[in-house]
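What follows is a single structure, written as structure tokens, with notes after it.
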Amino acid sequence: MSSRLSRRRILRGLAFGASTALLGCDRVGRNLSFRELVLTSGERLAYRLHRLIGSNALAREYEPSQLSPIFRANGNTTARSTDYQAHVSEGFSNWRLRVDGLVKQPGDFSLAELRSYPARTQITRHDCVEGWSAIGKWTGIPLALLLDEVQLNDEARYIVFHCADDFQGKPYYESIDLVAAFHPQTILAYGMNDGDLPTAHGAPIRLRVERQLGYKQAKFVMRIEAVASLSDIGKGRGGYWEDVGFYEWYAGI
Ligand SMILES: Nc1nc2c(c(=O)[nH]1)N[C@H]1C(S)=C(S)[C@@H](COP(=O)(O)O)O[C@H]1N2
Ligand SMILES: [Mo]
Numbered sequence: 082m083s084s085r086l087s088r089r090r091i092l093r094g095l096a097f098g099a100s101t102a103l104l105g106c107d108r109v110g111r112n113l114s115f116r117e118l119v120l121t122s123g124e125r126l127a128y129r130l131h132r133l134i135g136s137n138a139l140a141r142e143y144e145p146s147q148l149s150p151i152f153r154a155n156g157n158t159t160a161r162s163t164d165y166q167a168h169v170s171e172g173f174s175n176w177r178l179r180v181d182g183l184v185k186q187p188g189d190f191s192l193a194e195l196r197s198y199p200a201r202t203q204i205t206r207h208d209c210v211e212g213w214s215a216i217g218k219w220t221g222i223p224l225a226l227l228l229d230e231v232q233l234n235d236e237a238r239y240i241v242f243h244c245a246d247d248f249q250g251k252p253y254y255e256s257i258d259l260v261a262a263f264h265p266q267t268i269l270a271y272g273m274n275d276g277d278l279p280t281a282h283g284a285p286i287r288l289r290v291e292r293q294l295g296y297k298q299a300k301f302v303m304r305i306e307a308v309a310s311l312s313d314i315g316k317g318r319g320g321y322w323e324d325v326g327f328y329e330w331y332a333g334i
């Protein structure tokens, strides 16, 4: 991330924070310790500022009239694995979301079960680091509801999203801290623009973590894992692109 972008993020973080009361929460407060992460100095500063002054700030939401007529699909637009292709042909009726790791009640959730929870719908702008944005409408289950269901252990610090797709055999994955995980706009979306989430956009579910960049919005999520440290996953940097060394783990906007 260029220092210019980092500075811009910090300024935006300050603007957010100025209008936001400091909200304390024991669970997410613990997450302020990020010493095990290898962050660049600009990233570290942006992370600290966002976390200290704007933890619960909401991303801007838009009106239906502002929806982008075309929302492009980016990165992988399907997963090649035979497992995933079978789920597509079965309409995801036999698909289950595995939720495990540092949780008291690991579980497997069908799409129907995920849809049975109170849903949240939000119209937000997706910003890809490659330089394009689009406004879309997302409907899904707040991640906080699911995490409350499986009950995190005290040691849990990050939530990892394991995806069905890969690049040259390396699976796509992403991770967020607990502040982002329990943020009210963080949802597992099964709906987009009033329809089912299309395959190209990550069916059956994709993460929406609205205050971060596009590559954090994991598509084709198959398994959610609560962990104490990111170091044992992939190359230990918290995501596919982070491991490649292209993008930073903390992608606050
Ligand atoms: N599983 C998976 N998730 C992914 C990607 C991907 O290739 N695979 N690409 C990321 C990137 S870089 C962006 S910009 C968005 C694109 O989401 P969209 O296809 O809905 O536009 O998904 C993100 N999540
Ligand atoms: Mo992206």
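According to this note's numbering, the sequence shown is numbered sequentially starting from 82.
Glycine is no exception: its CB is placed at the ideal position from the N, C-alpha and C atoms.
In this text, all values refer to a predicted model and were calculated from it rather than measured experimentally.
Test item: CB-CB of residue i and residue j under 9 Å
i	j	result
A193	T220	no
L352	S162	The structure shown does not extend to residue 352, since the chain is modelled only from 82 to 334, so the question has no answer here.
K251	G315	yes
Y239	I216	no
G283	Q298	yes
R287	L269	yes
V302	C244	yes
D246	T159	yes
Q147	I222	no
A167	N157	no
H131	R292	yes
V231	G172	no
R351	R141	There is no way to answer for residue 351, as the model of the chain reaches only from 82 to 334.
K185	L224	no
Y296	A332	yes
N137	H264	yes
Y198	F248	no
Opening and closing residue of the beta strand (DSSP E) in which residue i lies
i	result
T220	W213 to P223
A245	Y239 to F248
D258	K251 to D258
V302	V302 to V308
R287	R287 to R289
In DSSP terms, what residue i is bridged to
i	result
L120	None, per the DSSP bridge assignment.
L178	F190
M273	W219 and G276
Q147	For Q147, which the question treats as bridged, DSSP gives no partner whatsoever.
I268	P223 and R289
L228	For L228, which the question treats as bridged, DSSP gives no partner whatsoever.
G333	Q293
L233	V184
Inter-residue CB distance, residue i and residue j (contact presumed, cutoff 8 Å)
i	j	result
A309	V290	Between V290 and A309 the Cβ distance is about 20 Å, and since that is not below 8 Å, they are no contact.
L226	A307	Rounded, the Cβ-Cβ distance is 15 Å, inconsistent with contact.
L294	V210	5 Å
R196	Y128	The Cβ separation is near 33 Å, so there is no contact.
E124	E329	5 Å
D275	K218	7 Å
First and last residue of the uninterrupted alpha helix (DSSP H) at residue i
i	result
V169	T163 to S170
E323	Y321 to V325
Q: Scan the segment 185–211 and note each continuous alpha helix (DSSP H) run of 4 residues or more that stays entirely inside, going in chain order.
A: 192–197
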